[in-house]
Amino acid sequence: MNHFFKSSSAELTSAKEEIDMLRQKIKTVEAIASSLEDQLAEERKKNVDLKGTAQMWEDTVKAMDEAHRCEISGLRDELSIYKQIKEATDEDITVVVSESINSSLQGIRQEYELKINKLTEDTQLLQNRLTESDSLRAEGLKELEDVKAAYLRAEKRFREDIARVHEQYEVGRREMEKKHISELEELRKMAESHYGRELSDESKPEKHSELITALNHEIQHLNESNRLLQQDIDQKEQILVDVQQKHAEWREKVKSIKRQDNETIENLKRRLESASASPAAAEGQPNPQLSKELEKLNEKFEEERMMNRETIKRLQEQLTEAEKKVLELQRSEDSLDKVQPESDKNEIQDHDRAESQHQSRRGGNCRSRRGRRQKTQGQDNVVLLGHNMDLSCHQSSVSQNATEAERASQDHTEMERLRDQLEAMTAERDAAVERASQDHTEMERLRGQLNKSNDSLKHIESNLLLWKEKVKTAKLRDTEKISELETALSDNKETTATAVGEMKNLLSRYGGPVDNTTSLQELIFGFDKFLASVVGALALSLSEPIDEHTNPLTSMAERLHQRVVCLSREQSILQQANESLERDKSELQKELQKCEEEFEALKKQSEEVSNMVHQDELNKLLELNRQLEERCELLRKEVKRQREAFHRDRAHHELASVLVSTHKDSKETEFALRAAAGGVFEKDMLSLAATQSQRDNEIKFMRMKIAELEKENTDLKKSCEHNNKVIVEYTKEIEVMKSNQRVQVSIEYVKNIIYQFLCANEDLRMRLIPAIGTVLEFNAKEKQDILVANPKCPKFH
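Next comes the structure, spelled out in structure tokens:
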């Protein structure tokens, strides 16, 4: 009985260990499922944000379309008005009007010739001043190019430093990985040697447990060292990423500053051209609004210059901080015996000092250029106040036609370039959206697989608990039956021993065959024969009744038959117990097969998940799968050993029913076998727990990879959105510029023509016809038609 209780307690401890392992697995799977749910919620939130931005862009596009439609309708109305005015002027013009226009135009032409001579001198002075301003602008551009070249050199040097540090880090990491792999190989060899010794020396469970604990401590120490190294590597990678991000931000800020400077220069040019073409300046009147705008522009330029200085100082400080971080990263990599030379550090510092000096020189040049520009602008305002409206119309018509043609060509090329960029950005956005949808579907698929695996694990746990309960009840029932049978067997053997002794005494007393080697059934059969012969002989020889002698013998024979029947019944009960044990064994085998099938399904799922990982990670997972297969093979061997132990246990029970003397020895051998098997099983379970922890570490690494991919995806989405915004802003600016130019040019031309024609007398209107023809660009046929219709009209020049 003690043997059975000890074996059941050992099996209970092994079952508890298995249940703890399964609970740990369930906790890890639940943690993975919760993280995946969080990631899914984040993806849904991102999808909602994308939908909102798409709706906003659709609304803006609709608003722009409505604005364009309104502008087109207004232009059509103006065009219809101009056509009506032209028709009205064609009907009202007469011969008298043409003569008066010719006479008035001759006087006007003489006055204009004098003014043209005067204005040519003024334009010559303006051209000289423009050449000076162009030279100053060329100097400023040259300085900007020098600053750009210095920035590019610093950027190149910074990239080389980062690449060098990254290369050193990769070399050190590879060496550490090789070292850890070699240590793990040595540990694996030691474990295999210890395992061989344990198999050859199964009767030493204490030694086995000591070796297992030592190996576990050593494995924990190595896992802790690997975790610390991984944390150090992650920290260094984060520092490197921060430095790269700050460098990219600095580069974007410099580009934005340069873009703002170019925009201010272009705005000043446009304002100067509009001021030169304004009618107030042409008529010789002072323009206070223009002077105020010039003062505002000067103040704005001064503020922008101060802001640029502050941004340059801030960027220099950020550059120094980035260089300090790079130097700290290099010092941390000194453990890998790779030290950066001090010459690069001195060169970077010298370059920073040269850049600061260059920035100070550039500030002085900007101040001097601003003073010269203010002087030239004041002189230009004084000269521009003496211009006349009509001359400005003629000159502006020619210059603006040329500039409009150039700008149209430039706008066309710019539109083509922007259209190409827009197509490229839309393609990138579509690719990013497609990648996001693929990631979403992949996350859904992984979540479904995790749910399936969770359900399968729950099913396995429930089956395991049921199996454990069944085993416990079966073992308790078997122990009770065996104890009852043992007591009954001992009683029956005592009674049979007494009966056999009495029969032997009777046979020896009456001369029957007696042999110590005969079995109980042979003895009963011989006793029956002997009793029949004795009864016959007595019946023949004696005439008196012999009932008093035969009655005890017959009663004894009946009792012996009853004992034989009881023994046969007990044997049948034992056979039924063996059959029930066989059935339990078959059920256990079926459960084991189910567990193996579920393990194979989980292995397939792990293989599907491993297909998404990089090739080196795939190799690692294949190695782990190989180790798991080896562990499964060991478990199969352990199951085989337990089956053999079960068979030995059953043989022991059969021997116990026949041989009582060897009962204690069989119990001791069975206990030793069970203890040896239990020690090996505990060792295998510890190794399985170690592999499970390794699998958990790999799952954490995969989650980190997924987080990095999601971060890259968000960065790409942000860049795509930024590029789309920039393209939309550029297209809006181009459309606004084109519409403003068209409206301004057409309105100015038509207003001047109609104003002069309406303000002139009847004598001067005929003289204005050639001027109107040049402004409106009549062709030769139209001019001939006008001369035929109006004979007094002067010839077109």
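When we follow numbering that gives the first Met the number 0, the leftmost residue of the sequence shown carries the number 0, and every step to the right adds one.
For glycine and all other residues, C-beta sits at the position ideal for the given N, C-alpha and C.
In the structure shown, what three-state DSSP assignment does K791 receive? Within the sequence shown, the letter at position 792 stands for residue 791. If DSSP states are grouped into helix, strand and coil, K791 belongs with coil.
Can you grab the Cα-Cα spacing for the pair K791 / C69, in whole Å? Residue mapping note: residue 791 aligns to position 792 of the sequence shown, counting from 1. Residue mapping note: residue 69 aligns to position 70 of the sequence shown, counting from 1. Cα-Cα distance, rounded: 44 Å.
Supposed contact pair A689 and I218 - C-beta distance, whole angstroms, cut 8 Å: What you label residue 218 is simply residue 219 of the sequence shown in a count that begins at 1. What you label residue 689 is simply residue 690 of the sequence shown in a count that begins at 1. That pair is a contact at about 6 Å.
Which residues mark the beginning and the end of the alpha helix (DSSP H) in which A770 is found? Counting from one through the sequence shown, the residue named residue 770 turns up at place 771. Run containing A770: E761 to L775, per the alpha helix (DSSP H) assignment.
Would V774 and Y748 be called neighbours here (beta carbons separated by less than 8 Å)? Taking the sequence shown and counting its residues from 1, the one referred to as residue 774 is at position 775. Taking the sequence shown and counting its residues from 1, the one referred to as residue 748 is at position 749. A contact, by the Cβ cut-off of 8 Å.
Buried or exposed for D48, going by 16 or more other Cβ atoms inside 10 Å? Reading the sequence shown from its first residue, position 49 is the one you call residue 48. When all chains shown are included, D48 counts as exposed.
Tell me whether N266 sits in a helix, a strand or coil according to DSSP, three-state version. Taking the first residue of the sequence shown as position 1, residue 266 is located at position 267. The answer is helix: DSSP assigns N266 an H, G or I state.
Alpha carbon to alpha carbon, what distance is there between K457 and E697? For the purposes of this step, residue 697 is taken as residue 698 along the sequence shown, with counting starting at 1. For the purposes of this step, residue 457 is taken as residue 458 along the sequence shown, with counting starting at 1. Answer to the nearest angstrom: the Cα atoms are 23 Å apart.
Could you pull out every residue in the same chain whose Cβ sits closer than 8 Å to the Cβ of Q105, ignoring the five residues on either side in sequence? Position 106 of the sequence shown, counted from the start, is the residue given in the question as residue 105. Here the set comprises R766.
Could you tell me the distance, in whole angstroms, from the CA atom of T497 to the CA atom of K15? Numbered from its first residue, the sequence shown carries residue 497 at position 498. Numbered from its first residue, the sequence shown carries residue 15 at position 16. Spanning the two alpha carbons is a distance of roughly 49 Å.
Please say whether M175 and Q691 have beta carbons closer to each other than 8 Å? Residue numbering aside, residue 691 sits at position 692 when the sequence shown is read from its first letter. Residue numbering aside, residue 175 sits at position 176 when the sequence shown is read from its first letter. For Q691 and M175, no; Cβs fall outside 8 Å.
Just mark V164 as buried or exposed, buried being the case when its beta carbon has 16 or more other beta carbons within 10 Å. Taking the sequence shown and counting its residues from 1, one reaches residue 164 at position 165. V164 should be labelled buried.
Thinking F795 and K782 are a contact (beta carbons under 8 Å), I'd like their distance in whole angstroms, please. Taking the first residue of the sequence shown as position 1, residue 795 is located at position 796. Taking the first residue of the sequence shown as position 1, residue 782 is located at position 783. Indeed they touch by this definition, with Cβ atoms about 5 Å apart.
Can you say whether K451 is buried or exposed, counting buried as having 16 or more other CB atoms within 10 angstroms of its CB? Working through the sequence shown from its first residue, we reach residue 451 at position 452. That one is exposed.
Are the beta-carbon atoms of L475 and I572 separated by less than 8 Å? Walking along the sequence shown from the start, residue 475 turns up at place 476. Walking along the sequence shown from the start, residue 572 turns up at place 573. Going by C-beta atoms, L475 is not nearer than 8 Å to I572.
Give me the Cα-Cα distance between T59 and A706, rounded to the nearest whole angstrom. Counting from 1 along the sequence shown, the entry for residue 59 is found at position 60. Counting from 1 along the sequence shown, the entry for residue 706 is found at position 707. Taking the straight line from one Cα to the other gives about 34 Å.
Nearest to E581 by alpha carbon, out of V735, F645 and Q592? Here residue 581 refers to the residue found at position 582 when the sequence shown is read from its first residue. Minimum Cα distance to E581 is reached at F645.
Rounded to the nearest angstrom, what separates R128 and C758 at their Cα positions? On the sequence shown, residue 128 is found 129 positions in, with the first residue counted as 1. On the sequence shown, residue 758 is found 759 positions in, with the first residue counted as 1. Taking the straight line from one Cα to the other gives about 37 Å.
By the 10 Å Cβ neighbour count, where 16 or more other Cβ atoms means buried, how is D160 classified, buried or exposed? As a working note, residue 160 is residue 161 in the sequence shown. Under this definition D160 is a buried residue.
What is the DSSP secondary structure of Q778, reduced to helix, strand or coil? As a working note, residue 778 is residue 779 in the sequence shown. It is Asn, not Gln, that sits at residue 778 in the sequence shown. It is coil, neither helix nor strand.
CA nearest to the CA of R43, picked from R269, T440 and L151: Residue 43 sits at position 44 when you count from the first residue of the sequence shown. For the residues R269, T440 and L151, the minimum Cα distance to R43 belongs to T440.
Quick one, are the C-beta atoms of R647 and L39 less than 8 Å apart? One-based indexing of the sequence shown puts residue 647 at position 648. One-based indexing of the sequence shown puts residue 39 at position 40. Not a contact, by the Cβ cut-off of 8 Å.
Report buried or exposed for K716, applying the criterion of at least 16 other Cβ atoms within 10 angstroms of its Cβ. As a position in the sequence shown, residue 716 is number 717, starting the count at 1. Label assigned to K716: buried.
Alpha-carbon spacing of E41 relative to H721, whole angstroms: Position 42 of the sequence shown, counted from the start, is the residue given in the question as residue 41. Position 722 of the sequence shown, counted from the start, is the residue given in the question as residue 721. Going from the Cα of E41 to the Cα of H721 covers about 21 Å.
Less than 8 Å between the beta carbons of F777 and R764, yes or no? Position 778 of the sequence shown, counted from the first residue, corresponds to residue 777. Position 765 of the sequence shown, counted from the first residue, corresponds to residue 764. Going by C-beta atoms, F777 is not nearer than 8 Å to R764.
Under 8 Å by Cβ, that's how I've got Q575 and L623 pegged, so tell me the actual separation to the nearest angstrom. Reading the sequence shown from its first residue, position 576 is the one you call residue 575. Reading the sequence shown from its first residue, position 624 is the one you call residue 623. In fact, because the Cβ distance is near 47 Å, the residues do not count as touching under 8 Å.
Between R156, T713 and S482, which has its C-alpha nearest R434's C-alpha? The sequence position of residue 434 within the sequence shown is 435, counting from 1. R434 has its Cα closest to that of T713, out of R156, T713 and S482.
Where does A676 land, buried or exposed, given buried means 16+ other C-beta within 10 angstroms? Taking the first residue of the sequence shown as position 1, residue 676 is located at position 677. Reliability fails at A676, whose pLDDT of 43 lies under 50, so the model's placement of it is uncertain and no value is given.
Rounding to the nearest angstrom, what Cα-Cα distance links Y729 and N723 in this structure? Reading the sequence shown from its first residue, position 730 is the one you call residue 729. Reading the sequence shown from its first residue, position 724 is the one you call residue 723. In a straight line, the C-alpha of Y729 is about 10 Å away from that of N723.
Quick one: Cα of L35 to Cα of K603, how far? In the sequence shown, counting from the first residue as 1, residue 35 sits at position 36. In the sequence shown, counting from the first residue as 1, residue 603 sits at position 604. Those two C-alpha atoms are separated by around 20 Å.
Assuming I768 contacts I746 (C-beta within less than 8 Å), just tell me the rounded distance between them. The residue you call residue 768 lines up with position 769 of the sequence shown. The residue you call residue 746 lines up with position 747 of the sequence shown. Contact doesn't hold; Cβ gap of about 22 Å is too wide.
Compute the distance between the beta-carbons of L221 and E166, then report whether it is under 8 Å. By one-based count along the sequence shown, residue 221 stands at place 222. By one-based count along the sequence shown, residue 166 stands at place 167. No, Cβ-Cβ distance for L221 and E166 is not below 8 Å.
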